[in-house]
RNA sequence: GGUCCUGUGGCCGAGUGGCUAGGCAGAGCUCUGCAAAAGCUCCCACAGCGGUUCGAAUCCGCUCGGGACCUCCA
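In the working numbering, the protein residues as written are 182 to 679.
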């Protein structure tokens, strides 16, 4: 079998994965800023790295998965507003900052549950780690790579870049950065425009504020990840994940801070997921084109033709390799919905197939199926190519359906093949891709009612009373319940969970 | 303006130089009381122009288009 390879943004190559501590993996993923509601774009990294987490577990690693909650608030362009995003919104909504943060944290957790993501092992908050952040800043100052100005502390990027490879991760050249013509306010404090804040002095109206050796203020954006990753994963850890848009300046700066404090480059493998686009443009608040998750699930948004179940969204995201952009459209989401339903139906039908013959009657088909299944691991090992995994699963779907419809004899495949099929389908669909049925069939009352209706319909059909049987089917359809006549005279039903 | 990425059939998307990706939609057929579902078949595309090669969607160059980052951003 192949071995896991991960595309490392730092080297821009796929590299064989080797964990620092045998049997263990440290995984850090940049979490949400809880100053507002999560949108579709945010869903991608959390679903992507959920699969990474699941797969590493499947490979037998004990994973410590750390994903932070940024609740301290970053600044609007430094100095421009003299208050951070969270405190500003709090005033508008007449809420306590922590009340606001709590609200969006809860909403985020709810959405993650809807997506069937496994919670991280540790979910540290920025506000809970002010002490560690201050400690790190002090170390950087002592090492001579930061300076204090009017109660704020800045990182000396030029000095760092002279000795280390600042810019390599994001493919940036310091000289180019210096030439950037963009004029920002509040830059005059910095010795150099490429320097970034480690600590910012808080203006009087700034609500979120902490005491520090440099006065009352709040931490810079990048330092929280350095502090929390170091605290929970150590000076060096295996994988750091996040969206591509965080590569610069966030991850670049994070790497610089950690390198100075810990005397070693912190991360073995940097992983970055690509963006979700809408009409070709990145979904982001600056573009005013975001679709909040609550609205995506409810369908209550001008661009949405209908509601999309979280499982459909998850499937939609996994149908693409995580390093490619993924374009949102109603058409694409609806295609995903149909595809997912077909896959899950086949998965369910697979469980029902019974077969005991040890020799496959159709050797060619048997070999083909075994090949398709055995490739699944290779695809995951190739930088988590869930798109290819799904493609192979879909290639097996007609075989399963054919057996169910008796156009293919169950004996075509050997019992051993069925065992492998059932086992691997369960592992990949349920355990690794985290997909689950999104139709409702476990409500006991509904079940009872449906049993009755199906019984009546069967009787009607038996008497060729098609008016009655069609009435039942059509009325139920209007309620979102689909009744299907099976080949053997039986009837099945499924209902939307909405 | 700088740096980087990208352009695949009606839509979404895999693609390691040679072999049908896959999903959805569309057409036909089979099954069915009719549907739905399912199965089979068809639609065999790689922005354009050059080049390298026995052979290129895949490598190189140019042109055109799209995007990301350089500022908060998943």
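Don't be surprised by glycine CBs; every beta carbon is placed ideally from N, CA and C.
This one's a predicted model, so the numbers in the text were calculated from it and none came from an experiment.
- Contact between the region 595–613 and the region 560–574 is present, with at least three C-beta pairs closer than 8 Å.
- Residue pairing of residue 672 in beta bridges, as defined by DSSP: 666.
- Judged by their CB atoms, residue 554 and residue 605 are nearer to each other than the 7 Å cut-off.
- Around the beta-carbon of residue 423, 16 or more other beta-carbon atoms lie within 10 Å, marking it buried.
- Where residue 595 is concerned, there is no enclosing alpha helix (DSSP H), because DSSP gives it neither an H nor an E.
- Beta-bridge pairing by DSSP links residue 391 to 398.
- Residue range 507–509 is occupied by the beta strand (DSSP E) that includes residue 508.
- In the structure shown, residue 445 falls within a coil segment according to DSSP collapsed to helix, strand and coil.
- Check the Cα spacing between residue 445 and each of 346, 304 and 516: the tightest is with 346.
- When 448, 342, 598 and 650 are compared, the shortest CA-CA separation from residue 192 is found for 448.
- In the DSSP annotation of this structure, the continuous segment of the beta strand (DSSP E) that includes residue 246 starts and ends at 243–248.
- It is roughly 42 Å from the alpha-carbon of residue 663 to the alpha-carbon of residue 467.
- Under the three-state reduction of DSSP output, residue 537 falls in the coil class, being neither helix nor strand.
- Secondary-structure assignment with DSSP links residue 195 through a beta bridge to 188.
- For residue 517, the three-state secondary structure derived from DSSP is helix.
- Beta-bridge pairing by DSSP links residue 336 to 327 and 377.
- Shown here, residue 301 sits in coil according to DSSP, grouped into three states, outside any helix or strand.
- Residue 568 and residue 344 have their C-alpha atoms spaced approximately 41 Å apart.
- Taking a contact as a CB-CB distance under 8 Å, the pair residue 565 and residue 232 counts as one, their CB atoms being some 6 Å apart.
- For the 7 Å CB-CB criterion, residue 512 and residue 493 do not form a contact.
- In the structure shown, residue 677 falls within a strand segment according to DSSP collapsed to helix, strand and coil.
- Taking one beta carbon from each stretch, the region 224–231 and the region 421–435 have 3 or more pairs nearer than 8 Å; the two touch.
- Counting along the chain, the unbroken beta strand (DSSP E) around residue 206 starts and ends at 205–210.
- Fewer than three beta-carbon pairs drawn from the region 380–388 and the region 289–297 are found closer than 8 Å, and the two stretches are therefore not classed as touching.
- Ranked by how close their Cα comes to the Cα of residue 306, the residues 405, 299, 350 and 356 have 405 in first place.
- Rounded to whole angstroms, residue 465 and residue 211 show a C-alpha spacing of 16 Å.
- Inter-residue distance for residue 616 and residue 495 is about 8 Å (C-alpha atoms, whole angstroms).
- Annotated three-state conformation of residue 624 is coil, per DSSP.
- Under DSSP, no beta-bridge partner is assigned to residue 411.
- In the same chain as residue 419, and ignoring 5 residues on each side of it, the C-beta atoms closer than 7 Å to its own belong to 200, 201, 206, 207, 208, 449 and 450, in chain order.
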